[in-house]
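Remarks on the structure that follows.
Okay, structure coming up:
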């Protein structure tokens, strides 16, 4: 596909990623504050939410990486727009890194919010939350 099509695809993927971020945070907030929610609900169900979000974020990340690779291939050619394709690929890679950091920050915030409500009082619950946070590490 054309470099411009790869950029448009990456922008659409970013829109989807924003929606997944909102859903991820919304699910956590519901577990924490919703009816029947609280620290125990978070400890019991948050690892599943993390697993679902991780799978989705990894799929989106792979697609963005593929778009960046397409742009890098276009940049290596002599055709018109090679410089623009190179810059677009560089920006996509930068956004990938920022999104990874954002996701890790959101997960850390979730853990902190849970701990404030007493989820850390029980060692098993705290361990489940630590595992969920660790699971988010390799995304990107």
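In UniProt numbering, the protein residues as written are 1 to 140. A virtual CB, placed ideally from N, CA and C, is assigned to each residue, including glycine. Source: prediction; values computed, not measured.
For residue 2, name the three-state secondary structure that DSSP assigns.
Locating residue 2 in the chain shown gives position 2, counting from the first residue. Note: residue 2 maps to coil in three-state DSSP.
Using a Cβ-Cβ cutoff of less than 6 Å, which residues in the same chain neighbour residue 28 once the five nearest sequence positions on both sides are dropped?
Within the chain shown, numbered from 1, the residue matching residue 28 stands at position 28. 110, listed in sequence order.
Own chain, CB closer than 7 Å to residue 115, minus 5 neighbours either side, in chain order
The residue you call residue 115 lines up with position 115 of the chain shown. Nothing listed; no residue qualifies.
Buried or exposed, going by whether 16 or more other CB atoms sit within 10 Å of the CB of residue 24?
Counting from 1 along the chain shown, the entry for residue 24 is found at position 24. Buried.
The stretch 81-92 / the stretch 36-56 touching (three or more Cβ pairs under 8 Å):
Per the Cβ contact rule, the stretch 81-92 is not in contact with the stretch 36-56 (fewer than 3 Cβ pairs under 8 Å).
Check whether residue 67 and residue 18 have beta carbons under 9 Å apart:
Here residue 67 corresponds to residue number 67 of the chain shown, with the count starting at 1. Here residue 18 corresponds to residue number 18 of the chain shown, with the count starting at 1. Taking the C-beta atoms as reference points, residue 18 is found no nearer than 9 Å to residue 67.
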